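Peer 1:
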Amino acid sequence: MTNEFIYSIKNMFSFEIGSLFNSTKTKMFYIGPYQRSYKWQSDGKFDQVPQLLSDIYDAWINNPESEYYLQYITVKADNINQWLEVIDGQQRLTTLSLLFYQLGQISAEYNIAIGKLNYSRYDNGNIFDVVCEYCKTIHEVNDGHYNEQDMYYMVAASLSIKQRLKEWQSNHELDQVINYLMNNVKIIVNLESNFVKSEDIFANLNDNHVPLTDAYLVKGLLLTNAVSRINAYGRSIEFTEIQEQRKNLGRIWDEIQTWITNKEHSHFFFKHTTIGSKFDPQYGMEYFLELAYLYKFNNERNEVVGDYSQNRLELFNKYNSKIKTTEDTAVMIGIIRHIYRKMVTIYEGSLYNLWGFVQFSKSIANDDQLNLFTSLDMSEHELMKYLANLSIKRIPNLKDNDISKDNYNVLRYKSRNDKLTNLLLSFSIFIPMKASKTFRFRFYDYEQSKWSFEHISPQNPKGSISIPEYAKLYVVKEIEKNLSKSNLKDEEKDRLRLVVQNIEANEKIDAEAVEFLFDSNVDEHSVGNMALLTREDNSANNNNPFMIKKLIIQNRKGNGAFIPNHTYDVFNKILVSPASDKPFSIETFIWSQQDVDAHIKWMEKKNEDIMNWLKEGEMK
């Protein structure tokens with residue numbers, strides 16, 4: 001478990017109350033023997049040392065009141081030796097120390113790093129004094145003679161720093177820039193447990209560098225401010241007690257972050273709440289934290305926004321501008337925990353399918369949208385009714401007067417028909433009705449694909465057909481069944497035998513040769529001939545007869561493809577028409593107009609059940 005703290009550069013090196021050394025009861029940083037040598041480059045404009053100085057200067061120029069954050073450093077307190085062992089970040093600390101030593105050549109009061117960084121590999125701990133003396137006598141790094149490789153890089157860094165300080169001084173900017181550096185430049189410090197080997201932490205960090213994200217920065221801010229150093233009775237709290245309280249909060253935070261950053265959880269709540277930016281599940285915690293921020297501070301409660309791959313520190317700066325006290329932090333953490341608990345309740349409870357349908361169904365004109373903020377303030381019963389009403393607005397009611405019962409003109413096939421999409425989707429989500437608490441639709445899988453309307457049976461056989469290996473036996477059997485018919489002419493039999501030979505030879509066949517597998521009377525674009533299928537699966541079906549489509553769908557589902565329940569049931573003809581005079585045909589490999597009519601009757605009854613269920617609120 002790591003404890004995260006935010007410190008200004010001044011409080012990284014001072015002993016003032018609230019500083020890093022004061023809080024940890026230590027006196028210096030220690031660079032262990034396992035650490036790599038100092039290797040930051042200084043020659044080019046975009047090398048690490050000049051780039052660091054430029055970044056700090058640019059931050060000051062752009063906004064002298066702003067805060068600038070350096071990458072993490074990771075340390076471990078050794079209270080016996082009274083030092084902080086630097087596990088990760090020694091390059092940054094070394095560069096900052098060199099900067100202050102060079103500043104000390106201008107004015108001694110500037111050198112706040114004197115005696116604060118000890119390298120184990122050097123007998124003389126004052127390595128920076130040695131570097132400074134070198135820089136007094138040489139003008140180019142190659143002018144010197146170095147016993148140690150990192151001495152070369154330290155001298156080069158010092159010379160680069162020295163030159164930059166001269167520029168700031170000549171422009172009368174030095175005091176202002178240094179003031180900004182000390183007070184506005186911040187570092188998040190990871191304080192590792194004393195019970196973990198430093199070498200192990202170092203190896204892990206260098207294999208898996210954690211990026212400086214908004215979420216990490218907000219976590220550091222909240223954990224830093226979460227525990228006051230003075231209790232309600234005015235007593236100073238020991239650092240060990242503060243550390244323990246922050247550990248507990250850290251564990252809660254890690255639990256929330258682990259759950260939210262699960263791609264399916266993040267997708268379920270935030271896929272359609274981002275504005276102006278593409279949803280990216282790796283920023284799930286950022287979306288979550290922005291939701292919490294807007295819930296607390298934005299009266300209008302706009303939807304979640306932000307492109308976290310581009311607008312770095314935007315979210316953190318929002319939090320940092322509002323969270324100033326322990327009390328502010330406590331309220332914010334309470335809101336974060338409330339939202340988390342609400343999301344878990346929705347995702348893992350009986351509201352899952354309802355929420356998912358509203359979130360991922362097609363919006364209809366003048367339709368109300370799901371409001372995350374409104375949802376967070378509702379009881380479970382209120383939220384159920386709210387989601388049910390939104391669902392009713394999304395699903396076309398087949399009893400509505402604007403829909404012709406003769407041909408369902410409104411719901412007939414068009415390349416895009418949002419009402420038809422929602423109708424078909426509802427058949428897959430809201431089943432089985434009374435067991436809906438246990439059935440969970442695969443919304444994440446649904447959203448990973450582009451969906452289209454599958455014509456269950458094409459109207460007429462067209463073009464050539466490829467027969468998949470797993471379908472050959474069934475197709476040949478149907479052909480042989482047709483061959484046994486007594487009214488078949490010899491030339492027709494010969495044609496079918498040739499088709500069998502082509503199938504066995506893995507050759508394509510003419511669709512017209514197996515026209516007996518089609519029903520030419522099917523109303524192709526009728527709602528009763530429609531099912532949802534991914535474009536990939538739809539393409540695989542192409543113009544195949546119902547029989548082959550059925551086998552393709554069975555095979556793809558068997559191989560793990562996501563096939564909506566209603567689509568699978570339709571192609572397997574396991575639906576039962578509620579109208580005794582309109583049953584599905586008994587032919588398992590043919591989809592006829594009789595099946596289309598029976599399917600419409602099934603849709604009418606299923607739609608009525610769903611609408612009544614939603615209106616009556618029987619989701620309890």
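Mind the numbering: the sequence shown is residues 1 to 620 in the working numbering, read in order.
By construction, the Cβ of each residue, glycine as well, lies at the ideal position given by its N, Cα and C atoms.
Nothing here was measured: the structure is a model prediction, and the numbers come from that model.
To which residues does DSSP link D88 through a beta bridge?
Peer 2: Along the sequence shown, read from residue 1 onward, the residue named residue 88 stands at position 88. DSSP lists T74 as partners of D88.
Peer 1: Taking C-beta to C-beta, are Y417 and F453 nearer than 9 Å?
Peer 2: The count along the sequence shown starts at 1 and reaches residue 417 at position 417. The count along the sequence shown starts at 1 and reaches residue 453 at position 453. It should be noted that the sequence gives Asn, not Tyr, for residue 417. Yes, Cβ-Cβ distance for N417 and F453 is below 9 Å.
Peer 1: At what residue ranges does the stretch 18–43 contain a whole run of the beta strand (DSSP E), taking only runs of 3 or more?
Peer 2: Here the runs fully enclosed are 28–31.
Peer 1: How big is the Cα-Cα spacing for E504 and K582?
Peer 2: Sequence index remark: in the sequence shown, residue 504 carries index 504 (1-based). Sequence index remark: in the sequence shown, residue 582 carries index 582 (1-based). Their Cα atoms are separated by approximately 38 Å.
Peer 1: Within a Cβ cutoff of 6 Å, which residues of the same chain sit near I684, ignoring the five residues on either side of it in sequence?
Peer 2: Past the edges of the chain, shown from 1 to 620, lies residue 684, and the structure says nothing about it.
Peer 1: Is N591 helix, strand or coil by DSSP?
Peer 2: Walking along the sequence shown from the start, residue 591 turns up at place 591. For the sequence presented, residue 591 should be read as Trp rather than Asn. Coil at W591, not helix or strand.
Peer 1: Given a threshold of 16 other Cβ atoms within 10 Å of its Cβ, counted over all protein chains shown, does L498 qualify as buried or as exposed?
Peer 2: The residue labelled residue 498 in the question sits at position 498 within the sequence shown. By the 10 Å Cβ count, L498 comes out exposed.
Peer 1: Along the alpha helix (DSSP H) that carries S266, what are the first and last residues, could you check?
Peer 2: Position 266 of the sequence shown, counting from 1, holds the residue named residue 266. First-last of the alpha helix (DSSP H) with S266: 263–270.
Peer 1: Buried or exposed: E192, going by 16 or more other Cβ atoms within 10 Å of its Cβ?
Peer 2: Position 192 of the sequence shown holds residue 192. With 16 or more other Cβ atoms within 10 Å, it is buried.
Peer 1: When the Cα of I161 is compared with those of E587, L96, T213, which residue comes out closest?
Peer 2: Position 161 of the sequence shown, counting from 1, holds the residue named residue 161. Of E587, L96, T213, the residue nearest in Cα terms is L96.
Peer 1: Mind the definition here: the stretch 513–524 touches the stretch 469–482 only if three or more C-beta pairs lie below 8 Å; say whether that holds.
Peer 2: With a cut-off of 8 Å, the stretch 469–482 and the stretch 513–524 count as touching, because enough Cβ pairs lie within range.
Peer 1: Whether or not the stretch 32–40 and the stretch 84–96 are in contact is what I'm after, with contact meaning three or more pairs of Cβ atoms, one per stretch, closer than 8 Å; do they touch?
Peer 2: The stretch 84–96 is in contact with the stretch 32–40.
Peer 1: Just to confirm before moving on: does the CB-CB distance between Y356 and I260 stay below 9 Å?
Peer 2: Numbered from 1 along the sequence shown, position 356 holds the residue referred to as residue 356. Numbered from 1 along the sequence shown, position 260 holds the residue referred to as residue 260. Per the sequence shown, the amino acid found at residue 356 is Gly instead of Tyr. Against a cut-off of 9 Å, the Cβ pair of I260 and G356 comes out as no contact.
Peer 1: Between which two residues does the alpha helix (DSSP H) carrying Y57 extend?
Peer 2: Residue 57 sits at position 57 when you count from the first residue of the sequence shown. Run containing Y57: 48–62, per the alpha helix (DSSP H) assignment.
Peer 1: Mark H172 as exposed unless 16 or more other C-beta atoms lie within 10 angstroms of its C-beta, in which case mark it buried.
Peer 2: By 1-based counting over the sequence shown, the position of residue 172 is 172. With fewer than 16 Cβ atoms within 10 Å of its Cβ, H172 is classed as exposed.
Peer 1: Tell me which same chain residues have a C-beta within less than 8 Å of the C-beta of E608, skipping the five on either side of it?
Peer 2: The count along the sequence shown starts at 1 and reaches residue 608 at position 608. Within the same chain, E608 has close Cβ partners L398, K399.
Peer 1: I want to know whether the stretch 595–603 touches the stretch 518–527 - three or more CB-CB distances under 8 Å.
Peer 2: In short, these stretches touch, since the Cβ pair count reaches three.
Peer 1: Between K450 and T534, how many whole angstroms is the CB-CB distance? I'm expecting something under 8 Å.
Peer 2: Counting from 1 along the sequence shown, the entry for residue 450 is found at position 450. Counting from 1 along the sequence shown, the entry for residue 534 is found at position 534. The Cβ separation is near 7 Å, so the contact holds.
Peer 1: Check for me: the beta strand (DSSP E) holding N190 runs from which residue to which?
Peer 2: Within the sequence shown, numbered from 1, the residue matching residue 190 stands at position 190. N190 -> beta strand (DSSP E) spans 185–192.
Peer 1: What first and last residue would you give for the beta strand (DSSP E) that runs through E286?
Peer 2: Locating residue 286 in the sequence shown gives position 286, counting from the first residue. Premise fails: E286 lies in the alpha helix (DSSP H), 284–297, not in any beta strand (DSSP E).
Peer 1: Assign L473 to one of two classes, buried (16 or more other C-beta atoms within 10 Å of its C-beta) or exposed (fewer than that).
Peer 2: Start at 1 with the first residue of the sequence shown, and residue 473 comes out as number 473. By the 10 Å Cβ count, L473 comes out exposed.
Peer 1: For I346 and V410, what's the separation of their Cα atoms in angstroms?
Peer 2: Walking along the sequence shown from the start, residue 346 turns up at place 346. Walking along the sequence shown from the start, residue 410 turns up at place 410. Each residue's Cα considered, the two are about 34 Å apart.
Peer 1: Would you tell me roughly how many angstroms separate the C-alpha atoms of F269 and K615, rounded to the nearest one?
Peer 2: Here residue 269 is taken as the residue at index 269 of the sequence shown, counted from 1. Here residue 615 is taken as the residue at index 615 of the sequence shown, counted from 1. In a straight line, the C-alpha of F269 is about 24 Å away from that of K615.
Peer 1: Which of the three DSSP states is assigned to M154 in this structure?
Peer 2: Sequence index remark: in the sequence shown, residue 154 carries index 154 (1-based). M154: helix per DSSP, three-state reduction.
Peer 1: When you compare only the Cα positions, how much space is there between M601 and I333?
Peer 2: Indexing the sequence shown from 1 puts residue 601 at position 601. Indexing the sequence shown from 1 puts residue 333 at position 333. The question names Met, yet the displayed sequence has Lys at residue 601. Distance between the alpha carbons of K601 and I333 is about 53 Å.
Peer 1: Could you pull out every residue in the same chain whose Cβ sits closer than 6 Å to the Cβ of I336, ignoring the five residues on either side in sequence?
Peer 2: As a first step, residue 336 must be located in the sequence shown, where it is residue number 336. Once the five neighbours on either side are set aside, the close Cβ partners of I336 are A292.
Peer 1: Select from E314, E255, N572, I112 the residue whose C-alpha is nearest the C-alpha of M547.
Peer 2: If you number the sequence shown from 1, residue 547 lands on position 547. For the residues E314, E255, N572, I112, the minimum Cα distance to M547 belongs to N572.
Peer 1: Buried or exposed for A59, going by 16 or more other Cβ atoms inside 10 Å?
Peer 2: Locating residue 59 in the sequence shown gives position 59, where the first residue counts as 1. With 16 or more other Cβ atoms within 10 Å, it is buried.
Peer 1: With respect to the beta strand (DSSP E) encompassing A226, which residues constitute its N-terminal and C-terminal limits?
Peer 2: Counting from one through the sequence shown, the residue named residue 226 turns up at place 226. Where A226 is concerned, there is no enclosing beta strand (DSSP E), given that its DSSP letter is neither H nor E.
Peer 1: Does the beta-carbon distance from L387 to I323 come in below 9 Å?
Peer 2: For this step, residue 387 is matched to residue 387 along the sequence shown. For this step, residue 323 is matched to residue 323 along the sequence shown. Not a contact, by the Cβ cut-off of 9 Å.
Peer 1: Output the distance between the C-alpha atoms of L354 and L483, rounded to the nearest integer angstrom.
Peer 2: Residue numbering aside, residue 354 sits at position 354 when the sequence shown is read from its first letter. Residue numbering aside, residue 483 sits at position 483 when the sequence shown is read from its first letter. Roughly 51 Å separates the two Cα atoms.
Peer 1: Helix or strand or just coil, what does DSSP make of M378?
Peer 2: Looking up residue 378 in the sequence shown gives position 378. Three-state result, M378: coil.
Peer 1: With a CB to CB cut of under 7 Å and the five nearest residues on each side skipped, what residues in its chain are close to K318?
Peer 2: Counting from one through the sequence shown, the residue named residue 318 turns up at place 318. For K318, where only same-chain residues beyond five positions count, the Cβ hits under 7 Å are Y293.
Peer 1: What do you reckon, are the CB atoms on V75 and E85 nearer than 9 Å?
Peer 2: For this step, residue 75 is matched to residue 75 along the sequence shown. For this step, residue 85 is matched to residue 85 along the sequence shown. Yes, the pair counts as a contact, with Cβ atoms nearer than the cut-off.
Peer 1: Mapping the DSSP letters down to three states, classify T325 as helix, strand or coil.
Peer 2: Numbered from its first residue, the sequence shown carries residue 325 at position 325. T325: coil per DSSP, three-state reduction.
Peer 1: Pick from I590, K606, R556, N559: whose alpha carbon is nearest that of V576?
Peer 2: Counted from its first residue, the sequence shown places residue 576 at position 576. Looking at the Cα atoms, K606 is the closest of the given residues.
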